[in-house]
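By the working numbering, the letter at position 475 of the sequence shown is numbered 506, and the numbering carries on one by one without gaps.
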Amino acid sequence: MMLERRLCGGLLHLARDPDDGEAVGVLCRALGRLDRTPVADPVLAPVIAGLRSLLRDGRLAQVAAMGTLHDACGLDPRTADALLTAAAPRDEVVALADHLATEAEHAPKTPPAAGAPAWPTLDRVALRGLAGQVVAAGTAHGEADSAAILVSFLAAFGSAVGSGPHCLVGATRHGANLFAVLVGQSAKARKGDSWSPVRAIMAAAEPAWAANRVLQGLSSGEGVIAAVRDPTYATKGDEQVMVDAGVSDKRLLALAPEFARILAVMQRDGSTLSAVLREGWDAGDLRVVTKTPTAATDAHVSILGHVTVDELRRELTSTDAASGFANRFLWVAVKRGRLMADPPPFTAAAVAPLAQQVRAAIESVRPVGTVTRDPEASVLWRELYPELSRERPGLAGAILSRHEAQAVRLSMLYALLDRATRVGVAHLEAAIAVLDYVATSAVVIFGDELGDPVADEIRRRLERSPAGLTRTEIRDVFGRNLSGARIGLALARLEAAGRAQPGRPVGDGGGRPAEVWRATPYDINDRNDQTPANGGVRS
């Protein structure tokens, strides 16, 4: 409830000076935004009610002069002081009120259909600090999903910071670069709209990066390397002569609004794209051995992609999951955040204060080297680690198998946004809130898919056949175009994952009875307690 408390403090701060016409005007506009919004926060709700009452009765000046605002709003002095200390500045108060009002207005009014996974909810712990301010501003000026704006901003900020700040987990180095894909309906999810406010803020904060290091079009591994390539030299006589100066700025945010095309390119014979991107996430030393070898060292590659659910399910293969490509990404389910027929323009005046803070954070932390945890965060990390490390079933589980490593990167990003060189408890909690959203997104996006198209199709057919299917009937599903061995492998995977099991033989009175397979009732949220015993974060 951090945003509510920041808003609450901002309202109180404005009310303390009733002779300031501008302050009272902002206060009235903010309260107007919240006029029909049900506020559950036990601190914010009475403050809103108290301030409305004081304004309606014309008693605000009298109460403010007596210094008893906190009494009129049902607060004790200590709570009031804490709220004022954390108060949002004047120019953010209306945006925060807008954010809370639109979020409440478009919250789901009915529970999801029976059997459907619940849509993920972004815990407001994730909207702390500067990241929360950017999300509040973005949602006040458009229909984009809060989670989409947040993840887009984290990816952009991590890219702009560069390769200096990093965490060490044993010998594994984790930079501030993220790979993230927003997954939602083609136009209705407003995926592109989520980038617009982030782009405006980042362009004002880091113009050179925005102009030169944000690129579209990942068509090959060689193309990625070319964007961050090292200098190349040739021997002429007895001298080494530079033939290509390379790229001095190794930062790269690859925008992929059609991420399905990348997945399709990766399936082509000889494609180096998957291997290069994996190297980019890991260490930034990229190399392709061809007739003309190309290389890049210390590259800082980030990716922000957009894709529809159908495209992703069609193009993402079990090979991508098994190779470790998919689990380097944060897959984020997004939808239209709110209906806003006439969103207010995101003017330069609104962008400037946020861009100034982002610029200050980048300049402050860019020289930072190793980022560590403070003692309290280290204690919390040890408590969280078994849950982060647990095995999860199916395709959703496969793409979440680097949860611990993602937690390291996200918590570092939240610390860097605070211009801190140590990860604190608040930073780690914010990172976990993002990962909780990602974990639920995986269930929404992938359901109980295994990532094996044959096994998944068999499971769907079994679910529609309560009496079960024999192996012969299963082969008929595929027009008898698959071998018995391939069918057997798919059935073995289904049985191992708890999705199907062979039933009692059913005979017709003579000959060998047929084996019948039936779907097994299964809950994707069931836990698998096979938690790794060894410590350390997977790379």
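Backbone N, C-alpha and C define an ideal beta-carbon position, used for all residues, glycine too.
Note that the structure is predicted; figures quoted are calculated from it, not measured.
Which one or two residues does DSSP pair with residue i in a beta bridge?
i: leucine 411; result: Leucine 411 is not bridged to any residue.
i: valine 549; result: The sequence shown places arginine at residue 549, rather than the valine named in the question. DSSP output for arginine 549 lists Gln532 as bridge partner(s).
i: alanine 276; result: Answer by DSSP bridge pairing: none, since alanine 276 is not bridged.
i: isoleucine 334; result: Phe210 and Ala285
i: cysteine 198; result: His205
i: leucine 500; result: Trp548
i: glutamine 271; result: Thr266
i: phenylalanine 360; result: Phe210
i: alanine 326; result: Arg318
i: arginine 404; result: Val454
i: valine 245; result: Leu284
Please say whether residue j and residue i have beta carbons closer to each other than 8 Å?
i: proline 228; j: isoleucine 180; result: yes
i: aspartate 280; j: proline 262; result: no
i: leucine 335; j: alanine 327; result: no
i: proline 196; j: alanine 186; result: no
i: serine 364; j: valine 475; result: Going by the sequence as given, residue 364 is alanine instead of serine. Yes, Cβ-Cβ distance for alanine 364 and valine 475 is below 8 Å.
i: alanine 211; j: tyrosine 468; result: no
i: arginine 367; j: glutamate 546; result: no
i: alanine 392; j: arginine 490; result: no
i: leucine 86; j: cysteine 59; result: yes
i: valine 396; j: arginine 450; result: yes
i: phenylalanine 184; j: valine 156; result: no
i: alanine 521; j: valine 485; result: yes
i: leucine 343; j: alanine 291; result: yes
i: leucine 62; j: cysteine 39; result: no
i: glycine 105; j: glycine 81; result: yes
i: tryptophan 240; j: arginine 282; result: yes
i: tryptophan 548; j: glycine 499; result: yes
i: glutamate 407; j: leucine 419; result: no
In chain order, what residues of the same chain lie with their CB nearer than 8 Å to the CB of residue i, ignoring the 5 residues before and after it?
i: alanine 167; result: Leu34, Glu123, Ala126, Leu127, Asp129, His130 and Leu158
i: arginine 260; result: Asp275, Gly277, Val278, Thr325, Ala326 and Ala327
i: leucine 411; result: Val456, Leu459 and Glu460
i: threonine 403; result: Cys198, Thr452, Arg453 and Val454
By how many angstroms is the C-alpha of residue j removed from the C-alpha of residue i?
i: isoleucine 518; j: arginine 502; result: 8 Å
i: alanine 111; j: tryptophan 362; result: 40 Å
i: isoleucine 463; j: threonine 266; result: 52 Å
i: phenylalanine 360; j: arginine 47; result: 47 Å
i: leucine 459; j: proline 533; result: 45 Å
i: arginine 299; j: alanine 306; result: 13 Å
i: leucine 447; j: serine 333; result: 17 Å
i: arginine 83; j: glutamine 93; result: 14 Å
i: arginine 309; j: leucine 209; result: 12 Å
i: valine 296; j: tryptophan 226; result: 24 Å
i: serine 409; j: threonine 401; result: 15 Å
i: methionine 571; j: alanine 470; result: In this structure the chain extends from 32 to 570, so residue 571 is not present and cannot be described.
i: glycine 201; j: leucine 161; result: 30 Å
i: valine 55; j: valine 78; result: 15 Å
i: leucine 45; j: valine 57; result: 8 Å
i: phenylalanine 377; j: histidine 172; result: 6 Å
i: arginine 495; j: threonine 152; result: 31 Å
i: arginine 204; j: arginine 230; result: 28 Å
i: threonine 141; j: arginine 369; result: A caution first: threonine 141 carries a pLDDT of 45, below 50, which makes its placement in the model unreliable, though a value can still be read off. Each residue's alpha carbon lies about 16 Å from the other.
i: leucine 43; j: glutamine 437; result: 38 Å
i: glycine 355; j: alanine 236; result: 34 Å
i: aspartate 51; j: proline 120; result: 15 Å
i: alanine 113; j: aspartate 329; result: 44 Å
i: aspartate 224; j: alanine 523; result: 44 Å
i: glycine 268; j: valine 255; result: 32 Å
i: valine 399; j: glycine 193; result: 10 Å
i: threonine 170; j: aspartate 507; result: 51 Å
i: leucine 91; j: alanine 117; result: 22 Å
Going by beta carbon distance, what residues of the same chain come within less than 7 Å of residue i, once the five residues before and after it are set aside?
i: alanine 528; result: Pro424, Gly425 and Leu481
i: glycine 189; result: Ala207, Asn208, Leu209, Ser333 and Leu444
i: methionine 273; result: Pro262 and Tyr264
i: alanine 103; result: Gly81, Leu85 and Val94
Keeping to the same chain, check which residues put their C-beta closer than 6 Å to that of residue i; ignore five residues upstream and five downstream.
i: aspartate 107; result: none
i: leucine 213; result: Ala179, Lys222, His337, Val363 and Val365
i: aspartate 351; result: Ala357
i: valine 182; result: Ala211 and Val363
i: proline 374; result: His172 and Gly173
i: glycine 252; result: Thr303, Leu304, Val307 and Val319
Quick check: is the beta carbon of residue i nearer than 8 Å to any beta carbon in chain C?
i: proline 77; result: Given the protein chain composition of this structure (a single chain), no chain C is represented.
State whether the segment 439-457 contacts the segment 508-524, with contact taken as three or more CB pairs (one from each stretch) at a distance under 8 Å. They do not touch, by the three-pair rule.
Looking at C-beta atoms only, is the number of pairs between the segment 280-290 and the segment 237-251 that lie closer than 8 Å three or more? Yes, they touch.
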